[in-house]
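In the working numbering, the protein residues as written are 12 to 346.
This is the structure:
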């Protein structure tokens, strides 16, 4: 068996009104493909329209009642079958006949009597073309879906920005910000740290049902060798993403891990995003716990897209915070 022709999943439908021809074709193809046969055009259409449609059809032209041209026309007019490549098998070798068959949507012609090597080569080629076409269509669909998701996300970001711009209560604004962050990045939980006049970051709001213990992080020097990720984010005014906090050697994740245990979270990843004004003044830090896998809600690590979403939200937040009165810095609330 020639491995170059081996397509174990491909199914070939052979259509011919002569039983001897069906037997011959089946014998040639069965070593390489799964083979179905039809002795007339009506049966061919019935098989082609089944849920497990064939991958390619070898179609005799000269059949009584319902010839190959009619069968091909029916196949190409049906959305379920129009994608199936059709190769005509015929003793008719007139150019006009070939032109007519190709105009109906056939991909190739094989003249009778059949040459086994030619048949296998043509079938192999057309199946390879179909696989390449399907891969290309899948890539186009994936890109189309991604573009649509991006457009939907941009629309959501615009809507969030508008909502934030009209909010004049600072606590309500921060609550909107935190819930928007939770939604955009599809997170487990989140905390908003707001900076006060003493350059201390205080946990202002959180999204979890359980109480958040008092948390205050001073920006005053000296900076520790292994800083808390919220402090590092605030000092550098750059986002900090930590995968596997329990094993991280660069940051002090003790407070994070204690909070995760208190909240019953399996801490896979943490993302801290600074909220910085146009004058480069730090206004606060968004700290988000675990992205969630769509559909299953399994905790996964944050990726570059999550970072981009939340950094955009942070810029929107910074643009309106200066116009909203400072909130009462009492006990942290739940968003």
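Where a beta carbon is used, it is the ideal one built from N, C-alpha and C, also for glycine. Values in this document were obtained by computation on a predicted structure and should not be read as measured data.
Taking the alpha-carbon positions, what's the residue 116 to residue 77 distance? On the chain shown, residue 116 is found 105 positions in, with the first residue counted as 1. On the chain shown, residue 77 is found 66 positions in, with the first residue counted as 1. Approximately 17 Å between the Cα atoms of the pair.
Looking at residue 121 and residue 100, is the spacing between their C-beta atoms short of 8 Å? In the chain shown, counting from the first residue as 1, residue 100 sits at position 89. In the chain shown, counting from the first residue as 1, residue 121 sits at position 110. Contact: yes.
DSSP three-state label for residue 80, please. Locating residue 80 in the chain shown gives position 69, counting from the first residue. Three-state result, residue 80: helix.
Which runs of the alpha helix (DSSP H) at least 4 residues long sit entirely within the segment 14–92? Give them in chain order. 30–40, 52–59 and 79–88
Segments assigned alpha helix (DSSP H), at least 4 residues, entirely inside the segment 89–171: 106–114
Under 8 Å, Cβ to Cβ, is there at least one residue of chain E near residue 103? As a matter of chain content, chain E is missing from the structure shown, which is built from one protein chain.
Contact check, residue 228 vs residue 242, beta carbons under 8 Å: Within the chain shown, residue 228 is the residue found at index 217, counting from 1. Within the chain shown, residue 242 is the residue found at index 231, counting from 1. In this structure, residue 242 lies closer than 8 Å to residue 228 by Cβ.
For residue 286, count the other beta carbons within 10 Å of its own beta carbon; 16 or more makes it buried, fewer makes it exposed. Which is it? By 1-based counting over the chain shown, the position of residue 286 is 275. Residue 286 is buried by the Cβ-count criterion.
Counting only runs of 4+ residues fully inside the segment 168–216, write out the alpha helix (DSSP H) ranges in chain order. 181–195
Per DSSP, which residues does residue 254 bridge with? Please list them. In the chain shown, counting from the first residue as 1, residue 254 sits at position 243. DSSP, once it has assigned bridges, lists 280 as partnering residue 254.
Rounded to whole angstroms, how far is the Cβ of residue 171 from the Cβ of residue 295, which I believe are closer than 8 Å? In the chain shown, the residue the question calls residue 171 occupies position 160. In the chain shown, the residue the question calls residue 295 occupies position 284. Going by Cβ atoms, the distance from residue 171 to residue 295 rounds to 17 Å, so no, they are not a contact pair.
For residue 186 and residue 167, the rounded distance between their alpha carbons: On the chain shown, residue 167 is found 156 positions in, with the first residue counted as 1. On the chain shown, residue 186 is found 175 positions in, with the first residue counted as 1. Whole-angstrom Cα-Cα distance: 17 Å.
Assess, as a yes-or-no matter, whether the segment 28–44 is touched by the segment 123–133 under the definition of 3 or more beta carbon pairs within less than 8 Å. yes
Which residues in the same chain as residue 97 place their Cβ atom closer than 6 Å to its Cβ, once the five residues preceding and following it in sequence are excluded? Within the chain shown, residue 97 is the residue found at index 86, counting from 1. If we look at residue 97 and ignore the five residues flanking it on each side, its Cβ neighbours are 68, 70, 83 and 117.
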